[in-house]
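K.L.:
Numbering (the numbering used here), first residue to last: 278 to 381. Note that beta-carbon positions come from the ideal geometry of N, C-alpha and C, so glycine has one too. Structure provided below as C-alpha cells; questions to follow.
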Amino acid sequence: MNFSLPASCAEGSSLAEGSVLRAATTNKQSTEQANPAPSVATTTGLVYDERMMEHLNMWDRHHPEQPQRIAKIFSKHQQLGLVSRCQEIPARLATEEELSMCHR
C-alpha cells in the first residue's frame with residue numbers, strides 16, 4: 278500500500294499511530310475513487326468430449342486419470358446445473374508441446 282505522511286511530520290518526529298492509519302486510509306480511498314476497477318463479465322469455459330472416456334492408463338489401474346473420474350465430474354456438474362452456465366469450448370487434440378508439459 279502506498280501512502281504519504283503529512284508534510285508536518287518531519288523525519289524523526291513522533292506521530293500518533295492513528296494519524297498514520299488515517300493518512301493511509303484516506304490516500305487509499307482517493308486512489309480507488311480515481312481508478313475504479315473495470316467491470317468485466319466473466320464466463321467459465323468447459324471442455325468435454327465423449328472421447329475423454331477413452332483415456333485410460335493400462336499399466337496402472339489405480340492411476341487417477343480414469344474414464345469413471347471424468348464421467349462422475351461431468352455428471353455432477355450437470356446435476357448442479359453448471360454445464361448450462363458454462364461456455365462450451367470444443368475439444369481438440371493436444372500438441373506435442375502441451376503433452377510434454379505433463380508427460381516427460
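(1) From I382 to E375, what does the alpha carbon distance come to, in whole angstroms?
(2) From L358 to A368, what does the alpha carbon distance come to, in whole angstroms?
(3) Between M329 and T319, what straight-line distance do the alpha-carbon atoms span, to the nearest angstrom?
(4) Can you tell me where the alpha helix (DSSP H) with P344 in it begins and where it stops?
(5) What I want to know is whether the C-beta of S377 ends up closer than 8 Å to one or more non-hydrogen atoms of the ligand GDP.
(6) Per DSSP, E327 forms a beta bridge with which residues?
P.N.:
According to the structure shown:
(1) Nothing about residue 382 can be reported from this structure: the residues present for the chain run from 278 to 381 only.
(2) In the sequence under discussion, the amino acid at residue 358 is Gly, which differs from the Leu named in the question. Answer to the nearest angstrom: the Cα atoms are 21 Å apart.
(3) 26 Å
(4) 344-356
(5) Questions concerning the ligand GDP fall outside what the structure shown contains, since it holds no ligand whatsoever.
(6) According to DSSP, which records beta bridges pairwise, E327 is partnered with nothing at all.
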